[in-house]
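Structure record follows, encoded as structure tokens.
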Amino acid sequence: MVFAEVVHDKHVLPSPYPLAPVVLSHVCLWWRGVALSTSSLWTRITNLSQTALDQYLFRSGNSPLTVWAKFERSQVHSLAIAILLIERAHRCKELHWTDYSKASIVNIGAFTTMSQARFAVLQELELASQEYISPANIVPFTRGERPLHTISFPALRSLSLCRIDPVVLRSGPMPELRTLKLQEVELPMSQLLNMISASPHLEYLTLFTTATIIDVHPVVGSGSSSNQALPNSAVRQLKLPIHELLWDLAPITDFWRLFQFIDMPSLQTLGISFPADQDLQRWVHLFGDVHAFAPDEAPEVPIEFPELRSLTVEFDILDPSQPPSQFAHISYPNLEELHVAYKHRTRDFASYAAFPTPSEHPLFQERNWDNLRRLYLTHTKINAEGLCEHLAYDLPSLDYLGFDSCPGAGTVVCALACPTDPCLHDHRRPSSAHTDWLCLRLAILALIDCDDVRIDCVRNVIETRAFAAYGVHDVQARSAWGSSAFMSHVDKQENTPCPLEMLQIYRCAKVTEAGLRLLESLPGAPEIVFKNQVIKENA
Numbered sequence: 028m029v030f031a032e033v034v035h036d037k038h039v040l041p042s043p044y045p046l047a048p049v050v051l052s053h054v055c056l057w058w059r060g061v062a063l064s065t066s067s068l069w070t071r072i073t074n075l076s077q078t079a080l081d082q083y084l085f086r087s088g089n090s091p092l093t094v095w096a097k098f099e100r101s102q103v104h105s106l107a108i109a110i111l112l113i114e115r116a117h118r119c120k121e122l123h124w125t126d127y128s129k130a131s132i133v134n135i136g137a138f139t140t141m142s143q144a145r146f147a148v149l150q151e152l153e154l155a156s157q158e159y160i161s162p163a164n165i166v167p168f169t170r171g172e173r174p175l176h177t178i179s180f181p182a183l184r185s186l187s188l189c190r191i192d193p194v195v196l197r198s199g200p201m202p203e204l205r206t207l208k209l210q211e212v213e214l215p216m217s218q219l220l221n222m223i224s225a226s227p228h229l230e231y232l233t234l235f236t237t238a239t240i241i242d243v244h245p246v247v248g249s250g251s252s253s254n255q256a257l258p259n260s261a262v263r264q265l266k267l268p269i270h271e272l273l274w275d276l277a278p279i280t281d282f283w284r285l286f287q288f289i290d291m292p293s294l295q296t297l298g299i300s301f302p303a304d305q306d307l308q309r310w311v312h313l314f315g316d317v318h319a320f321a322p323d324e325a326p327e328v329p330i331e332f333p334e335l336r337s338l339t340v341e342f343d344i345l346d347p348s349q350p351p352s353q354f355a356h357i358s359y360p361n362l363e364e365l366h367v368a369y370k371h372r373t374r375d376f377a378s379y380a381a382f383p384t385p386s387e388h389p390l391f392q393e394r395n396w397d398n399l400r401r402l403y404l405t406h407t408k409i410n411a412e413g414l415c416e417h418l419a420y421d422l423p424s425l426d427y428l429g430f431d432s433c434p435g436a437g438t439v440v441c442a443l444a445c446p447t448d449p450c451l452h453d454h455r456r457p458s459s460a461h462t463d464w465l466c467l468r469l470a471i472l473a474l475i476d477c478d479d480v481r482i483d484c485v486r487n488v489i490e491t492r493a494f495a496a497y498g499v500h501d502v503q504a505r506s507a508w509g510s511s512a513f514m515s516h517v518d519k520q521e522n523t524p525c526p527l528e529m530l531q532i533y534r535c536a537k538v539t540e541a542g543l544r545l546l547e548s549l550p551g552a553p554e555i556v557f558k559n560q561v562i563k564e565n566a
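Quick note, my numbering runs 27 ahead of the 1-based positions in the sequence shown.
Now the structure itself:
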């Protein structure tokens, strides 16, 4: 059983040194023979010395390799190990290469220029360098060596490049590529499009601090499918089955231009963050030999994402009161989950600007929200009046509501209780919550670092919604904790809320664990999670 556990494919050793085959070979003479003759035991290679690497490569025979190589800055013999790996690179099924050594440019150069660089079985490739590597600073490994015109990746499914120009790879078609991640990469839009067009089945795209120069302009609509020749610097819009796009440090005024170059009709998940740095908020355009910013403009035709289900938008700015107007030209009629976050450099809530009312925010304007089920806001001062109006009239399907570090969330929490029930702590009830219940389908309420949320308010929400859901007569204000019990059941009225199923509370100053434990005795109490620890689970 010990042998079976060690050789199991899903067995992951906590140590960076793959001890499994070594341990087995020292158990007894019989196990040593089995271990040395089982080539698959020696195929997982992680941060080995040159001597151990020779041993693993020899004993793994011709089996496909999974290699995790990390060269630290202080490592002085990285090139010798790199050459050993490169010579067996054609056997790699997975290759994860992180190079922080002083020889990183030479090592990666050897990897991309050695003539046997063909990867028939490689499915996952991850390359990361301490120094930025581009065609300008890379050199052939040996003098006079001429690299292949392209490197073949016929089976590659996942590619990740960090501080490595994709042109260095000289990759040809990648027909099986499903996942592409580019991190801290600088490249013209034309090169990005060339790379992506070689991957017709791409499903997951991540752009992390990737700087792009617009050196081409898109031809969209009917011109995109025309057989006529295009003028110089014009490209036809690509259409790819991308399901997920994660984009960090996107240009806040030009982000929509990417979707004119790449049509993503199957996009289901979009995560996008915008930088505070003014130099990163626009894309540089190349006009002949001149680099300049294009005029601040919006797309002439709305960009549609009919399949988009999840949208996360993060603004790395201090003032959320002026959101980018370009979002008003993005259509996502079937959105189910929305997370809006703002990064702040301080925990001083007084410095937070108010989140615009939904009627003023381009993310919310003139949209059909019938399908939205999850709304999560982070690091913004809540305009309770505007948000409650949005909750009352525009979000009929909402079953998850979350606030993280949001001053003003306490007022919204109180508004989730019975409309006729006044708050014991003078949270002023918004006018839209005076007569009607908010969020009839709300099942999960998440509160993180919300200092104006009080335990009595939370109790009132739980109790009154449970009473109303089960048709109890006395849904009225309660001023003390006291014992609670359901009265006789009556027919529920229309437009009554669902009881809460889960309450998640982390680091809310006025809500204690002891106070939450008292909620366990309430009829219809939900599952309560406090500081990542489950307090109560429904039976």
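Don't be surprised by glycine CBs; every beta carbon is placed ideally from N, CA and C. What you are looking at is a predicted structure, and each value in this text was computed from that prediction instead of being measured.
Inter-residue Cα distance where the pair is residue i and residue j
i: Gly435; j: Asn410; result: 7 Å
i: Met201; j: Ile489; result: 54 Å
i: Leu232; j: Cys189; result: 14 Å
i: Ser424; j: Glu364; result: 11 Å
i: Ile475; j: Leu443; result: 17 Å
i: Asn134; j: Phe430; result: 47 Å
i: Pro553; j: Tyr420; result: 26 Å
i: Phe98; j: Asn74; result: 8 Å
i: Trp283; j: Glu327; result: 11 Å
i: Trp124; j: Ser52; result: 28 Å
i: Trp274; j: Phe494; result: 45 Å
i: Ile160; j: Glu324; result: 34 Å
i: Ala96; j: Ser156; result: 12 Å
i: Ala182; j: Ala321; result: 40 Å
i: His406; j: Tyr427; result: 18 Å
i: Ala536; j: Tyr369; result: 21 Å
i: Trp465; j: Thr523; result: The amino acid at residue 465 is misidentified as Trp; the sequence shows Leu. Approximately 9 Å, taken between the alpha carbons.
i: Thr280; j: Gly136; result: 37 Å
i: Leu530; j: Ile223; result: 43 Å
i: Trp50; j: Arg71; result: Inspection of the sequence shows that residue 50 is occupied by Val rather than by Trp. Going from the Cα of Val50 to the Cα of Arg71 covers about 14 Å.
i: Leu92; j: Ile299; result: 35 Å
Short CB-CB distance (under 9 Å) between residue i and chain D
i: Thr206; result: Within the model displayed, chain D is absent; a lone protein chain is all it includes.
Simplified DSSP state of residue i, which is helix, strand or coil
i: Arg284; result: helix
i: His312; result: strand
i: Val556; result: strand
i: Phe14; result: There is no way to answer for residue 14, as the model of the chain reaches only from 28 to 566.
i: Thr438; result: helix
i: Pro48; result: helix
i: Gly498; result: coil
i: Gly136; result: helix
i: Leu204; result: coil
i: Ile113; result: helix
i: Arg492; result: helix
i: Ser337; result: strand
i: Gly429; result: strand
i: His366; result: strand
8 Å CB neighbourhood of residue i in its chain, flanking five on each side removed
i: Ser217; result: Asp242, Val243, Val262
i: Asp81; result: Leu111
i: Ser361; result: Contrary to the premise, residue 361 reads as Asn rather than Ser in this sequence. Cβ neighbours of Asn361 beyond the five flanking positions: Pro333, Glu334, Leu335, Arg336, Asn398.
i: Trp310; result: Thr239, Ile240, Ile241, Pro278, Asp281, Arg284, Phe320, Ala321
Residues of its chain near residue i, where Cβ-Cβ distance is below 7 Å and the 5 sequence neighbours each way are ignored
i: Ser66; result: Arg86, Ser87, Gly88, Ser90
i: Ser219; result: The residue you asked about is not Ser; residue 219 is Leu in the sequence shown. Correct list, in chain order: Thr239.
i: Leu313; result: Ile240, Ile241, Asp242
Residue from the options whose Cα sits closest to the Cα of residue i
i: Leu546; options: Thr239, Thr491, Asn398; result: Thr491
i: Asn9; options: Val195, Ala470, Leu527; result: Here the chain has residues from 28 to 566 only, and residue 9 is not among them.
i: Val538; options: Asp281, Val49, Pro550, Phe557; result: Phe557
i: Lys129; options: Pro526, Glu158, Gly498; result: Glu158
i: Ile482; options: Tyr497, Glu230, Asp463, Leu543; result: Leu543
i: Leu63; options: Gln77, Ser76, Leu84; result: Leu84
i: Trp396; options: Leu267, Tyr359, Tyr369; result: Tyr359
i: Leu294; options: Ile357, Leu272, Pro302; result: Leu272
i: Tyr533; options: Gln77, Ser105, Leu549, Ile555; result: Ile555
i: Phe180; options: Leu469, Ser226, Thr405; result: Ser226
i: Asn398; options: Arg336, Ser432, His366; result: Arg336
i: Pro215; options: Ser260, Glu416, Lys208; result: Ser260
i: Ile357; options: His406, Leu414, Asp290; result: Asp290
i: Thr236; options: Glu213, Leu220, Met222; result: Glu213
i: Pro193; options: His228, Leu152, Glu203, Glu230; result: Leu152
i: Ser101; options: Asp126, Thr93, Thr78, Glu114; result: Asp126
i: His417; options: Ser548, Lys408, Ser432, Arg394; result: Arg394
Spatial neighbours of residue i in its chain, beta-carbon cut-off 6 Å, leaving aside the 5 residues before and after
i: Thr206; result: Ser185, Tyr231
i: Ile191; result: Leu154, Ser156, Ile160
i: Pro526; result: Arg492, Ala493, Ala496, Gly551
### Message
Measuring CB atoms only, is the region 112-131 touching the region 147-158, in the sense that at least three cross pairs come out at less than 8 Å?
### Response
Taking 8 Å as the limit for Cβ pairs, the verdict is that the region 147-158 does touch the region 112-131.
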